[in-house]
(Lines of atoms letter the chains of each structure in order from A and count residues from 1; the text may use other names and numbers.)
(Lines give C-alpha, C1' and ligand atoms only; values in the text may rest on other atoms or scores of the structure.)
Protein backbone atom coordinates (compact mmCIF):
# COMPACT_ATOMS: atom_id res chain seq x y z
CA UNK A 1 0.00 0.00 0.00
CA UNK A 2 2.85 2.38 0.83
CA UNK A 3 4.51 1.64 -2.50
CA UNK A 4 1.28 2.29 -4.38
CA UNK A 5 0.81 5.54 -2.45
CA UNK A 6 4.33 6.68 -3.32
CA UNK A 7 3.80 5.85 -7.00
CA UNK A 8 0.53 7.82 -7.05
CA UNK A 9 2.23 10.80 -5.40
CA UNK A 10 5.04 10.66 -7.95
CA UNK A 11 2.50 10.62 -10.80
CA UNK A 12 0.63 13.55 -9.23
CA UNK A 13 3.93 15.41 -8.78
CA UNK A 14 4.81 14.88 -12.44
CA UNK A 15 1.37 16.10 -13.54
CA UNK A 16 1.61 19.23 -11.39
CA UNK A 17 5.16 19.92 -12.57
CA UNK A 18 4.11 19.59 -16.21
CA UNK A 19 1.13 21.89 -15.60
CA UNK A 20 3.32 24.49 -13.89
CA UNK A 21 5.84 24.44 -16.73
CA UNK A 22 3.01 24.79 -19.24
CA UNK A 23 1.51 27.76 -17.40
CA UNK A 24 4.93 29.42 -17.10
CA UNK A 25 5.60 28.92 -20.81
CA UNK A 26 2.20 30.32 -21.81
CA UNK A 27 2.58 33.38 -19.58
CA UNK A 28 6.05 34.13 -20.92
CA UNK A 29 4.94 33.67 -24.52
CA UNK A 30 2.15 36.19 -23.99
CA UNK A 31 4.58 38.54 -22.23
CA UNK A 32 6.85 38.71 -25.27
CA UNK A 33 4.10 38.76 -27.85
CA UNK A 34 4.76 41.55 -30.31
CA UNK A 35 3.06 44.89 -29.71
CA UNK A 36 0.98 45.51 -32.85
CA UNK A 37 1.21 49.14 -33.90
CA UNK A 38 -0.77 50.81 -36.70
CA UNK A 39 0.64 54.07 -38.10
CA UNK A 40 -1.85 56.61 -39.51
CA UNK A 41 -1.58 60.22 -40.62
CA UNK A 42 0.73 62.30 -42.78
CA UNK A 43 4.37 62.07 -43.89
CA UNK A 44 5.63 62.06 -40.28
CA UNK A 45 4.21 58.54 -40.32
CA UNK A 46 4.65 57.50 -43.95
CA UNK A 47 8.32 58.56 -44.16
CA UNK A 48 9.05 56.25 -41.23
CA UNK A 49 8.20 53.08 -43.16
CA UNK A 50 8.84 50.13 -40.82
CA UNK A 51 11.69 51.87 -38.98
CA UNK A 52 9.73 51.97 -35.72
CA UNK A 53 10.39 48.22 -35.38
CA UNK A 54 14.07 49.09 -34.80
CA UNK A 55 13.23 51.82 -32.29
CA UNK A 56 10.53 49.98 -30.34
CA UNK A 57 11.84 46.51 -29.49
CA UNK A 58 9.18 43.83 -29.87
CA UNK A 59 6.83 45.89 -32.04
CA UNK A 60 5.12 44.74 -35.23
CA UNK A 61 4.27 47.61 -37.57
CA UNK A 62 1.51 48.20 -40.11
CA UNK A 63 2.00 51.58 -41.82
CA UNK A 64 -1.04 53.15 -43.45
CA UNK A 65 0.04 56.80 -43.23
CA UNK A 66 -0.26 58.94 -46.37
CA UNK A 67 2.09 61.83 -47.08
CA UNK A 68 0.43 65.17 -47.76
CA UNK A 69 -2.78 64.42 -45.87
CA UNK A 70 -4.33 66.77 -43.34
CA UNK A 71 -6.34 66.40 -40.17
CA UNK A 72 -9.39 67.32 -42.25
CA UNK A 73 -8.71 64.34 -44.55
CA UNK A 74 -8.47 61.92 -41.62
CA UNK A 75 -11.67 63.29 -40.15
CA UNK A 76 -13.44 62.12 -43.33
CA UNK A 77 -11.80 58.76 -44.17
CA UNK A 78 -13.46 55.48 -43.22
CA UNK A 79 -12.18 51.97 -42.52
CA UNK A 80 -11.83 51.17 -46.24
CA UNK A 81 -8.53 53.03 -46.12
CA UNK A 82 -7.14 50.00 -44.26
CA UNK A 83 -8.33 47.38 -46.79
CA UNK A 84 -4.72 46.54 -47.66
CA UNK A 85 -3.65 46.08 -44.01
CA UNK A 86 -3.41 42.69 -42.34
CA UNK A 87 -5.26 41.78 -39.17
CA UNK A 88 -7.54 44.45 -37.79
CA UNK A 89 -6.81 44.36 -34.08
CA UNK A 90 -4.01 46.69 -33.01
CA UNK A 91 -2.57 47.33 -29.58
CA UNK A 92 -1.63 50.93 -30.36
CA UNK A 93 -2.52 53.35 -33.15
CA UNK A 94 0.07 56.09 -33.73
CA UNK A 95 -1.50 59.21 -35.27
CA UNK A 96 0.42 62.06 -36.93
CA UNK A 97 -1.96 64.75 -38.14
CA UNK A 98 -1.94 68.54 -38.08
CA UNK A 99 1.43 69.35 -39.61
CA UNK A 100 0.10 69.96 -43.11
CA UNK A 101 -2.81 71.97 -41.71
CA UNK A 102 -0.22 74.32 -40.20
CA UNK A 103 1.87 74.56 -43.38
CA UNK A 104 -1.15 74.95 -45.67
CA UNK A 105 -2.34 77.88 -43.56
CA UNK A 106 1.00 79.63 -43.93
CA UNK A 107 1.54 78.98 -40.22
CA UNK A 108 -1.37 81.30 -39.41
CA UNK A 109 -3.72 78.68 -37.95
CA UNK A 110 -4.42 79.18 -34.25
CA UNK A 111 -3.80 76.52 -31.65
CA UNK A 112 -7.53 76.32 -30.97
CA UNK A 113 -8.47 75.84 -34.63
CA UNK A 114 -5.75 73.25 -35.17
CA UNK A 115 -6.76 71.46 -31.99
CA UNK A 116 -10.35 71.18 -33.17
CA UNK A 117 -9.26 69.73 -36.52
CA UNK A 118 -6.87 67.23 -34.93
CA UNK A 119 -9.45 66.22 -32.32
CA UNK A 120 -12.02 65.54 -35.07
CA UNK A 121 -9.47 63.38 -36.90
CA UNK A 122 -8.57 61.44 -33.76
CA UNK A 123 -12.21 60.78 -32.88
CA UNK A 124 -12.96 59.59 -36.44
CA UNK A 125 -9.97 57.24 -36.31
CA UNK A 126 -11.12 55.89 -32.94
CA UNK A 127 -14.75 55.49 -33.95
CA UNK A 128 -14.63 54.55 -37.62
CA UNK A 129 -11.14 53.67 -38.93
CA UNK A 130 -9.40 51.71 -36.16
CA UNK A 131 -11.93 51.42 -33.31
CA UNK A 132 -10.59 48.25 -31.67
CA UNK A 133 -7.17 49.45 -30.53
CA UNK A 134 -6.32 49.48 -26.84
CA UNK A 135 -4.37 52.75 -26.99
CA UNK A 136 -3.79 55.74 -29.27
CA UNK A 137 -0.71 57.99 -29.43
CA UNK A 138 0.05 61.50 -30.73
CA UNK A 139 3.55 62.97 -30.58
CA UNK A 140 3.24 66.24 -32.44
CA UNK A 141 6.29 67.33 -34.44
CA UNK A 142 9.83 68.54 -33.91
CA UNK A 143 10.45 72.19 -34.72
CA UNK A 144 11.86 72.22 -38.33
CA UNK A 145 15.59 72.17 -38.92
CA UNK A 146 17.64 75.30 -38.49
CA UNK A 147 20.14 75.56 -41.34
CA UNK A 148 17.95 77.74 -43.57
CA UNK A 149 18.44 81.46 -43.19
CA UNK A 150 15.29 83.30 -42.26
CA UNK A 151 15.44 85.27 -45.49
CA UNK A 152 14.97 81.97 -47.34
CA UNK A 153 11.92 80.92 -45.34
CA UNK A 154 8.43 81.99 -46.36
CA UNK A 155 7.34 85.20 -44.69
CA UNK A 156 4.52 83.40 -42.87
CA UNK A 157 6.69 80.63 -41.37
CA UNK A 158 9.90 82.48 -40.58
CA UNK A 159 10.08 81.99 -36.81
CA UNK A 160 10.30 78.80 -34.71
CA UNK A 161 7.24 79.89 -32.73
CA UNK A 162 5.20 79.77 -35.97
CA UNK A 163 5.28 75.96 -35.76
CA UNK A 164 4.01 75.49 -32.20
CA UNK A 165 0.23 75.49 -32.76
CA UNK A 166 0.01 71.77 -31.90
CA UNK A 167 1.87 72.31 -28.65
CA UNK A 168 -0.07 75.49 -27.84
CA UNK A 169 -3.42 73.72 -27.83
CA UNK A 170 -2.76 70.16 -26.70
CA UNK A 171 -0.35 71.06 -23.91
CA UNK A 172 -1.77 74.46 -22.98
CA UNK A 173 -3.62 75.55 -19.87
CA UNK A 174 -6.91 74.15 -21.20
CA UNK A 175 -6.03 70.92 -23.07
CA UNK A 176 -8.67 69.18 -25.20
CA UNK A 177 -10.98 66.56 -23.77
CA UNK A 178 -9.86 63.22 -25.21
CA UNK A 179 -10.57 59.66 -24.07
CA UNK A 180 -8.17 58.21 -21.49
CA UNK A 181 -6.81 55.79 -24.10
CA UNK A 182 -5.29 58.72 -26.03
CA UNK A 183 -1.77 59.75 -25.01
CA UNK A 184 -0.33 63.10 -26.16
CA UNK A 185 3.44 63.54 -25.87
CA UNK A 186 5.17 66.81 -26.72
CA UNK A 187 8.04 66.30 -29.19
CA UNK A 188 8.53 69.97 -30.06
CA UNK A 189 11.97 70.28 -28.47
CA UNK A 190 13.47 66.77 -28.74
CA UNK A 191 15.33 67.57 -31.96
CA UNK A 192 17.08 70.54 -30.37
CA UNK A 193 14.61 73.30 -31.27
CA UNK A 194 12.12 75.34 -29.28
CA UNK A 195 9.98 78.46 -29.33
CA UNK A 196 13.07 80.60 -29.95
CA UNK A 197 15.28 78.31 -32.04
CA UNK A 198 15.09 75.89 -34.96
CA UNK A 199 16.14 72.26 -34.55
CA UNK A 200 19.53 70.64 -35.14
CA UNK A 201 19.88 69.78 -38.88
CA UNK A 202 21.44 66.38 -38.09
CA UNK A 203 17.96 65.03 -37.34
CA UNK A 204 16.42 65.87 -40.73
CA UNK A 205 16.54 64.59 -44.29
CA UNK A 206 15.10 67.86 -45.62
CA UNK A 207 13.59 71.03 -44.17
CA UNK A 208 10.81 69.28 -42.22
CA UNK A 209 11.12 65.48 -42.58
CA UNK A 210 13.06 63.48 -40.00
CA UNK A 211 15.80 60.97 -40.72
CA UNK A 212 16.55 57.90 -38.58
CA UNK A 213 18.30 60.05 -35.95
CA UNK A 214 15.25 62.30 -35.64
CA UNK A 215 12.77 59.42 -35.40
CA UNK A 216 15.03 57.92 -32.76
CA UNK A 217 14.87 61.07 -30.61
CA UNK A 218 11.07 61.16 -30.87
CA UNK A 219 10.25 57.50 -30.30
CA UNK A 220 12.79 56.68 -27.60
CA UNK A 221 11.18 59.15 -25.22
CA UNK A 222 10.27 57.14 -22.09
CA UNK A 223 6.56 58.06 -22.17
CA UNK A 224 6.31 56.92 -25.79
CA UNK A 225 8.22 53.70 -25.20
CA UNK A 226 5.88 52.88 -22.33
CA UNK A 227 2.71 53.70 -24.27
CA UNK A 228 3.86 51.57 -27.21
CA UNK A 229 4.65 48.70 -24.79
CA UNK A 230 8.19 48.43 -26.16
CA UNK A 231 10.44 45.80 -24.63
CA UNK A 232 13.66 46.81 -22.92
CA UNK A 233 16.60 46.96 -25.29
CA UNK A 234 19.99 48.59 -25.67
CA UNK A 235 20.02 52.33 -25.04
CA UNK A 236 20.34 54.07 -28.42
CA UNK A 237 22.64 57.02 -29.01
CA UNK A 238 20.39 58.78 -31.51
CA UNK A 239 22.92 61.33 -32.89
CA UNK A 240 25.27 58.43 -33.73
CA UNK A 241 22.73 56.27 -35.58
CA UNK A 242 23.78 55.49 -39.12
CA UNK A 243 21.07 53.51 -40.88
CA UNK A 244 18.55 54.34 -43.57
CA UNK A 245 14.81 54.44 -43.03
CA UNK A 246 13.28 51.26 -44.43
CA UNK A 247 10.09 49.36 -45.23
CA UNK A 248 8.41 51.83 -47.58
CA UNK A 249 7.26 48.99 -49.86
CA UNK A 250 5.12 47.58 -47.04
CA UNK A 251 2.65 50.47 -46.78
CA UNK A 252 -0.85 49.06 -46.54
CA UNK A 253 -3.15 52.08 -46.92
CA UNK A 254 -5.81 52.19 -49.62
CA UNK A 255 -6.23 55.92 -50.14
CA UNK A 256 -9.76 56.51 -51.47
CA UNK A 257 -8.88 59.95 -52.73
CA UNK A 258 -5.12 60.58 -52.79
CA UNK A 259 -4.24 64.21 -52.19
CA UNK A 260 -2.79 66.16 -55.08
CA UNK A 261 0.65 67.15 -53.91
CA UNK A 262 2.25 70.16 -55.54
CA UNK A 263 5.93 69.84 -56.35
CA UNK A 264 8.38 72.26 -54.81
CA UNK A 265 12.17 72.28 -55.08
CA UNK A 266 14.13 72.62 -51.85
CA UNK A 267 16.31 75.76 -52.10
CA UNK A 268 18.54 74.52 -49.27
CA UNK A 269 19.71 71.36 -51.06
CA UNK A 270 23.29 71.83 -52.29
CA UNK A 271 25.56 69.18 -53.79
CA UNK A 272 28.87 69.08 -51.88
CA UNK A 273 27.67 72.14 -49.96
CA UNK A 274 28.29 74.37 -52.97
CA UNK A 275 25.78 77.24 -53.29
CA UNK A 276 25.74 77.11 -57.09
CA UNK A 277 25.06 73.36 -57.16
CA UNK A 278 21.44 73.52 -56.07
CA UNK A 279 18.20 72.33 -57.69
CA UNK A 280 18.58 74.88 -60.48
CA UNK A 281 21.99 73.36 -61.25
CA UNK A 282 20.41 69.90 -61.26
CA UNK A 283 17.76 71.07 -63.73
CA UNK A 284 20.41 72.03 -66.29
CA UNK A 285 21.45 68.35 -66.69
CA UNK A 286 18.72 66.43 -64.93
CA UNK A 287 19.61 63.13 -66.61
CA UNK A 288 23.06 63.12 -65.01
CA UNK A 289 22.49 65.04 -61.81
CA UNK A 290 19.20 63.78 -60.36
CA UNK A 291 21.02 60.84 -58.76
CA UNK A 292 23.42 63.13 -56.87
CA UNK A 293 23.08 63.19 -53.07
CA UNK A 294 23.64 65.80 -50.38
CA UNK A 295 23.47 64.87 -46.69
CA UNK A 296 21.83 61.58 -47.62
CA UNK A 297 19.06 63.22 -49.68
CA UNK A 298 18.99 62.59 -53.42
CA UNK A 299 18.42 65.39 -55.91
CA UNK A 300 15.40 63.49 -57.25
CA UNK A 301 13.79 63.79 -53.80
CA UNK A 302 14.82 67.37 -53.03
CA UNK A 303 14.27 68.70 -56.57
CA UNK A 304 11.11 67.02 -57.98
CA UNK A 305 10.44 69.86 -60.45
CA UNK A 306 14.00 69.90 -61.74
CA UNK A 307 13.93 66.11 -62.08
CA UNK A 308 10.45 65.85 -63.60
CA UNK A 309 8.94 63.77 -60.78
CA UNK A 310 5.64 62.01 -61.49
CA UNK A 311 4.80 61.74 -57.78
CA UNK A 312 3.61 65.34 -57.55
CA UNK A 313 2.22 67.97 -59.90
CA UNK A 314 3.96 71.10 -61.18
CA UNK A 315 2.60 74.16 -59.33
CA UNK A 316 0.58 76.89 -60.98
CA UNK A 317 2.44 80.04 -61.94
CA UNK A 318 2.08 83.06 -59.72
CA UNK A 319 1.03 86.47 -60.90
CA UNK A 320 3.99 88.56 -62.05
CA UNK A 321 3.95 90.78 -58.97
CA UNK A 322 3.37 87.93 -56.46
CA UNK A 323 6.91 86.61 -56.88
CA UNK A 324 9.63 88.99 -55.72
CA UNK A 325 13.40 88.94 -55.95
CA UNK A 326 15.78 91.13 -53.95
CA UNK A 327 18.90 92.11 -55.88
CA UNK A 328 22.27 92.67 -54.24
CA UNK A 329 21.74 96.44 -54.41
CA UNK A 330 18.50 96.07 -52.44
CA UNK A 331 16.17 96.70 -55.37
CA UNK A 332 13.09 94.48 -55.67
CA UNK A 333 12.16 92.76 -58.94
CA UNK A 334 9.30 90.49 -59.99
CA UNK A 335 8.69 87.80 -62.61
CA UNK A 336 9.01 90.26 -65.49
CA UNK A 337 12.69 90.69 -64.62
CA UNK A 338 13.35 87.07 -65.65
CA UNK A 339 12.13 87.44 -69.23
CA UNK A 340 15.28 88.91 -70.80
CA UNK A 341 17.74 86.32 -69.49
CA UNK A 342 15.64 83.31 -68.60
CA UNK A 343 18.53 80.81 -68.76
CA UNK A 344 20.22 82.61 -65.85
CA UNK A 345 17.52 84.48 -64.01
CA UNK A 346 15.01 81.63 -63.76
CA UNK A 347 17.49 79.94 -61.41
CA UNK A 348 17.24 82.75 -58.86
CA UNK A 349 15.42 82.26 -55.56
CA UNK A 350 12.72 84.71 -54.57
CA UNK A 351 11.82 86.12 -51.17
CA UNK A 352 9.10 83.45 -50.87
CA UNK A 353 11.74 80.71 -50.94
CA UNK A 354 10.87 79.46 -54.47
CA UNK A 355 12.95 79.33 -57.64
CA UNK A 356 11.97 81.60 -60.48
CA UNK A 357 11.31 78.61 -62.73
CA UNK A 358 8.71 77.14 -60.35
CA UNK A 359 6.82 80.42 -59.89
CA UNK A 360 7.06 82.51 -63.07
CA UNK A 361 5.49 81.70 -66.45
CA UNK A 362 8.41 83.42 -68.20
CA UNK A 363 10.45 80.27 -67.48
CA UNK A 364 7.93 77.88 -69.13
CA UNK A 365 7.99 75.37 -66.27
CA UNK A 366 5.05 76.11 -63.96
CA UNK A 367 1.46 75.74 -65.19
CA UNK A 368 -0.35 78.77 -66.59
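Residue numbers (this note's numbering): 1027 to 1394.
The beta carbon of each residue, even a glycine, is placed where N, CA and C say it ideally should be.
Who are the Cβ neighbours of residue i in its own chain at under 6 Å, not counting the five residues just before and after it?
i	result
residue 1053	Low local confidence applies: a pLDDT of 44 at residue 1053 is under 50, so the model's placement there is unreliable, and no value is given.
residue 1238	1267, 1269, 1271
residue 1307	none
residue 1275	none
As a quick exercise: from the options, pick the residue whose alpha carbon is nearest that of residue i.
i	options	result
residue 1354	1112, 1374, 1261	1374
residue 1188	1142, 1158, 1135	1135
residue 1343	1318, 1360, 1320, 1384	1384
residue 1123	1116, 1094, 1114	1094
residue 1067	1091, 1083, 1082	1091
residue 1258	1070, 1071, 1083	1083
residue 1232	1365, 1320, 1389	1320
residue 1230	1313, 1264, 1204	1264
residue 1214	1144, 1203, 1207, 1226	1226
residue 1323	1313, 1389, 1294, 1129	1294
residue 1149	1077, 1204, 1299	1204
residue 1120	1291, 1236, 1388, 1072	1072
residue 1335	1345, 1352, 1356, 1309	1309
residue 1394	1345, 1291, 1326	1345
residue 1291	1352, 1219, 1325, 1236	1325
Do you know offhand how far residue i's Cα is from residue j's?
i	j	result
residue 1109	residue 1088	12 Å
residue 1127	residue 1358	31 Å
residue 1055	residue 1158	Because residue 1055 carries a pLDDT of 39, less than 50, the predicted location of this residue cannot be relied on, and no value is offered for it.
residue 1075	residue 1316	23 Å
residue 1079	residue 1085	5 Å
residue 1289	residue 1377	18 Å
residue 1362	residue 1370	14 Å
residue 1163	residue 1296	36 Å
residue 1367	residue 1328	25 Å
residue 1337	residue 1152	30 Å
residue 1160	residue 1360	55 Å
residue 1065	residue 1347	42 Å
residue 1311	residue 1318	11 Å
residue 1381	residue 1364	11 Å
residue 969	residue 1206	Because the chain in this structure spans residues 1027 to 1394, residue 969 falls outside the shown range and cannot be described.
residue 1143	residue 1260	38 Å
residue 1112	residue 1279	10 Å
residue 1129	residue 1386	22 Å
residue 1389	residue 1102	39 Å
residue 1221	residue 1131	19 Å
residue 1313	residue 1236	27 Å
residue 1114	residue 1356	60 Å
Return the Cβ separation of residue i and residue j in integer angstroms, given the expectation that the two are a contact with Cβ distance under 8 Å.
i	j	result
residue 1118	residue 1253	7 Å
residue 1191	residue 1140	4 Å
residue 1116	residue 1063	7 Å
residue 1208	residue 1244	In fact, because the Cβ distance is near 17 Å, the residues do not count as touching under 8 Å.
residue 1147	residue 1097	4 Å
residue 1061	residue 1256	7 Å
Apart from the five residues on each side of it in sequence, which residues of its chain come closer than 7 Å, Cβ to Cβ, to residue i?
i	result
residue 1133	1182, 1183, 1188, 1189
residue 1154	1104, 1105
residue 1137	1191, 1194, 1195, 1198
residue 1303	1296, 1297
residue 1234	1170
residue 1125	1068, 1070, 1167
residue 1240	1168, 1217, 1229, 1230
residue 1219	1168, 1169, 1172, 1186, 1225
residue 1352	1358, 1377
Which residues in the same chain as residue i place their Cβ atom closer than 8 Å to its Cβ, once the five residues preceding and following it in sequence are excluded?
i	result
residue 1391	1331, 1340, 1372, 1383, 1384
residue 1211	1163, 1164, 1165, 1166, 1247, 1249, 1250, 1253
residue 1242	1081, 1262, 1264, 1267
residue 1350	1358, 1359, 1360, 1376, 1377, 1378
residue 1077	1238, 1241, 1271, 1272, 1273
residue 1300	none
residue 1178	Per-residue confidence for residue 1178 stands at a pLDDT of 44, beneath the threshold of 50, marking its modelled position as unreliable; the derived number appears in the next sentence. Within the same chain, residue 1178 has close Cβ partners 1293, 1294, 1375, 1379.
> Of all the beta strand (DSSP E) runs that stay within the bounds of the segment 1078-1119, which reach a length of 3 or more residues?
Replying inline: 1085-1089
> At what residue ranges does the segment 1270-1353 contain a whole run of the beta strand (DSSP E), taking only runs of 3 or more?
Replying inline: 1350-1352
> Which ranges does the beta strand (DSSP E) cover as unbroken runs of at least 3 residues, wholly within the segment 1122-1197, from first to last along the chain?
Replying inline: 1161-1164
> Could you give the uninterrupted runs of the alpha helix (DSSP H) lying entirely in the segment 1196-1260, keeping only those of 4 residues or more?
Replying inline: 1238-1245, 1248-1253
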